[in-house]
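Quick note: the sequence shown uses the numbering used here, first residue 30, plus one each step.
Ideal Cβ placement from N, Cα and C applies to all residues, glycine included.
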Amino acid sequence: MKRARQSEKRRVLNQSRKTRMKRLIREVRQAVAAKNLEGAQAALQKAVPVIARVAGKGTIHWRTAARKISRLTKQVNALKTAPS
């Protein structure tokens with residue numbers, strides 16, 4: 030019974046963390062799609078620590094977090110070099 034309570038509590042926490050992370054990732058991608066450099070950079074600055082924290086808590090694997098951060102950063106940096 031205790032294990033079931035613990036699992037349920039962890040499931041709810043993990044779900045909450047993942048939802049928050051996905052929302053922030055979506056904000057970055059939307060800003061990139063709109064070619065809004067300032068908005069994308071601001072959204073990225075909010076998203077990176079949250080992704081790292083989610084990995085630190087064990088909700089997602091640290092390499093998954095590193096890959097997400099890397100790909101988002103690459104997309105935002107591509108906006109800098111893209112002709113306006």
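Beta-carbon separation (whole angstroms), residue i vs residue j, contact threshold 8 Å
i: Gln104; j: Val61; result: 5 Å
i: Ile80; j: Lys64; result: About 23 Å separates the two Cβ atoms, so there is no contact after all.
i: Lys109; j: Leu66; result: 7 Å
Environment of residue i [buried if 16+ CB atoms lie within 10 Å]
i: Arg46; result: buried
i: Ala94; result: buried
i: Ala33; result: exposed
Rounded straight-line distance, which links the Cα of residue j to that of residue i
i: Ile54; j: Gln35; result: 28 Å
i: Gly68; j: Lys31; result: 45 Å
i: Ala84; j: Trp91; result: 5 Å
i: Gln70; j: Val57; result: 8 Å
i: Ala72; j: Ser99; result: 14 Å
i: Pro112; j: Thr102; result: 18 Å
i: Ala107; j: Arg49; result: 25 Å
i: Asn43; j: Gly87; result: 9 Å
i: Lys75; j: Arg52; result: 11 Å
Coil, strand or helix - residue i by DSSP
i: Pro78; result: helix
i: Ala71; result: helix
i: Lys64; result: coil
i: Gly85; result: helix
i: Met50; result: helix
Boundaries (first-last residue) of the alpha helix (DSSP H) holding residue i
i: Asn106; result: Trp91 to Thr110
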